[in-house]
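**Q** Structure provided below as structure tokens; questions to follow.
What follows is the structure, given as structure tokens:
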């Protein structure tokens, strides 16, 4: 009888072990979890996207890492995540690094984003040009009186989130032809910290992702007048004889191309699996549901075509 019970025990253990072999390994690379690195500039809208995706796919656990763009791309290249949100595609050299991990790359534009230039509510100024912004981040403009439309005097300070951010990269690549940012330019750590610094100091111009102006609002802002900070209009260099006109970063002005400080937003995927929730999320962001969330819940402009109605806009 004892021998029979031992035999049955061995059979039960064998069956348990066999069943266990069908379970998915704990390694994140083969799990249902969605590991994604997100440029901190897009934290709020991506948190909404991930929450919605998680409700549709309850088996998947959302595990985002919100960090600078530089850090997000580095995590992807190190194969610490296999999906990230950034404001540029991978370079040829970076694609070679991904290939060295025996992985491929899918990259898709999901939105257009804008920078907002903000000042203290007590600041009477309303307009700044792209050339003046270039002068500030190159160190050529350090005082308020050097700005054409400024009524202030004294030292001008320009603040942004952090040195590894997509904001700094845009200033360097798009405004300075690859040269380093210099002058009275200071890092605050986060977009939230930039807004707080501007609220406290009338001598500061802050630069943030336009979506950070929404605060706790669930819908797109059609006016910036009730904010705790003032949003500057930004102008391009006018043609000779034309009036200088500036615009604020409303969705409509991104759509028309009037607002000059616009950049693209991409999702980058290196997950090699034919089916995975990480890959499904990639197509979710590109699809109707993900694009609708961007359109209705952020100051960003979705990549897919949108309809618009005529309204009063600055």
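In my numbering, the protein residues as written are 846 to 1159. Ideal Cβ placement from N, Cα and C applies to all residues, glycine included. Predicted, not measured: the structure shown is a model, and the values here were computed from it.
Quick one: give me the first and last residue of the alpha helix (DSSP H) that residue 1106 is part of.
**A** Residue 1106 -> no alpha helix (DSSP H), and no H or E assigned at all.
**Q** I need the DSSP call for residue 1002, collapsed to helix, strand or coil.
**A** Residue 1002 falls in the strand class under three-state DSSP.
**Q** Any chance the region 978 to 998 sits against the region 1094 to 1102, with 3 or more Cβ pairs inside 8 Å?
**A** No: the two stretches stay apart, fewer than three of their Cβ pairs being nearer than 8 Å.
**Q** From residue 1011 to residue 928, what distance separates their C-alpha atoms?
**A** Approximately 17 Å, taken between the alpha carbons.
**Q** Excluding the 5 residues flanking residue 1129 on each side, which residues of the same chain have their C-beta closer than 7 Å to its C-beta?
**A** Within the same chain, residue 1129 has close Cβ partners 898, 1135.
**Q** By a C-beta neighbour count over all protein chains shown, 10 Å radius and 16 as the cutoff for buried, is residue 1051 buried or exposed?
**A** That one is buried.
**Q** Going by the DSSP bridge assignment, what does residue 909 pair with across the sheet?
**A** BP columns for residue 909 point to 881.
**Q** DSSP state of residue 971, grouped into three classes?
**A** Note: residue 971 maps to coil in three-state DSSP.
**Q** Among the residues of its own chain, which have a CB less than 6 Å from the CB of residue 1116, if the five just before and after it don't count?
**A** Here the set comprises 927, 1123, 1124.
**Q** Between the Cα of residue 1008 and the Cα atoms of 959, 1002, 904, 1030, which residue gives the shortest distance?
**A** Nearest of 959, 1002, 904, 1030 to residue 1008, Cα basis: 1030.
**Q** On a CA-only basis, which of 924, 1028, 954, 881 is nearest residue 906? Give me that one, please.
**A** The shortest Cα separation from residue 906 among 924, 1028, 954, 881 belongs to 881.
**Q** Should residue 885 go down as buried or exposed, given a rule of 16 or more other Cβ atoms within 10 Å for buried?
**A** With 16 or more other Cβ atoms within 10 Å, it is buried.
**Q** DSSP on residue 1079, reduced to helix/strand/coil?
**A** Residue 1079: strand per DSSP, three-state reduction.
**Q** Going by DSSP, what residues sit across from residue 958 in a beta bridge?
**A** 1108.
**Q** I'd like to know whether the C-beta atoms of residue 1006 and residue 971 end up nearer to each other than 8 Å.
**A** Against a cut-off of 8 Å, the Cβ pair of residue 971 and residue 1006 comes out as no contact.
**Q** Going by beta carbon distance, what residues of the same chain come within less than 8 Å of residue 1028, once the five residues before and after it are set aside?
**A** Cβ within range, chain order: 981, 982, 983, 984, 985, 986, 987, 1003.
**Q** Using DSSP with H/G/I as helix, E/B as strand and the rest coil, what is residue 1122?
**A** Residue 1122: helix per DSSP, three-state reduction.
**Q** How is the beta strand (DSSP E) around residue 1054 delimited, first residue to last?
**A** Taken as a continuous stretch (DSSP letters only), the beta strand (DSSP E) holding residue 1054 covers 1049 to 1054.
**Q** For the region 1065 to 1077 against the region 1136 to 1151, do three or more pairs of beta-carbon atoms, one drawn from each stretch, fall closer than 8 Å, so that the two count as touching?
**A** Contact between the region 1065 to 1077 and the region 1136 to 1151 is present, because at least three Cβ pairs lie under 8 Å.
**Q** Cα separation between residue 1046 and residue 967?
**A** Going from the Cα of residue 1046 to the Cα of residue 967 covers about 9 Å.
**Q** Would residue 931 and residue 904 qualify as a contact pair, given that the criterion is a beta-carbon distance under 8 Å?
**A** Not in contact: residue 931 and residue 904 (Cβ atoms no closer than 8 Å).
**Q** Let me check understanding here. Comparing Cα to Cα, which of 1080, 1082, 1057 lies closest to residue 1074?
**A** When each option's Cα is compared against that of residue 1074, the closest is 1057.
**Q** Going along the chain, which residues of its own chain have a beta-carbon closer than 8 Å to the beta-carbon of residue 920, five neighbours each way excluded?
**A** Excluding sequence neighbours, residue 920 sits near 882, 910, 912, 926, 929.
**Q** For the candidate residues 1013, 975, 1059, whose alpha-carbon lies nearest to that of residue 1083?
**A** Closest by alpha carbon: 975.
**Q** For the beta strand (DSSP E) that residue 926 lies in, which residues bound it at each end?
**A** Looking at the DSSP string, residue 926 is not in any beta strand (DSSP E), and its letter there is neither H nor E.
**Q** Going by CA-CA distance only, name the one from 1105, 957, 1042, 1147 that's closest to residue 979.
**A** The shortest Cα separation from residue 979 among 1105, 957, 1042, 1147 belongs to 1105.
**Q** Let me make sure I understand the geometry here. Which of 1078, 937, 954 has the alpha-carbon closest to that of residue 1103?
**A** Taking only the C-alpha atoms, the option nearest residue 1103 is 1078.
**Q** Using the beta-carbon count (16 or more within 10 Å), is residue 1001 buried or exposed?
**A** Residue 1001 comes out buried.
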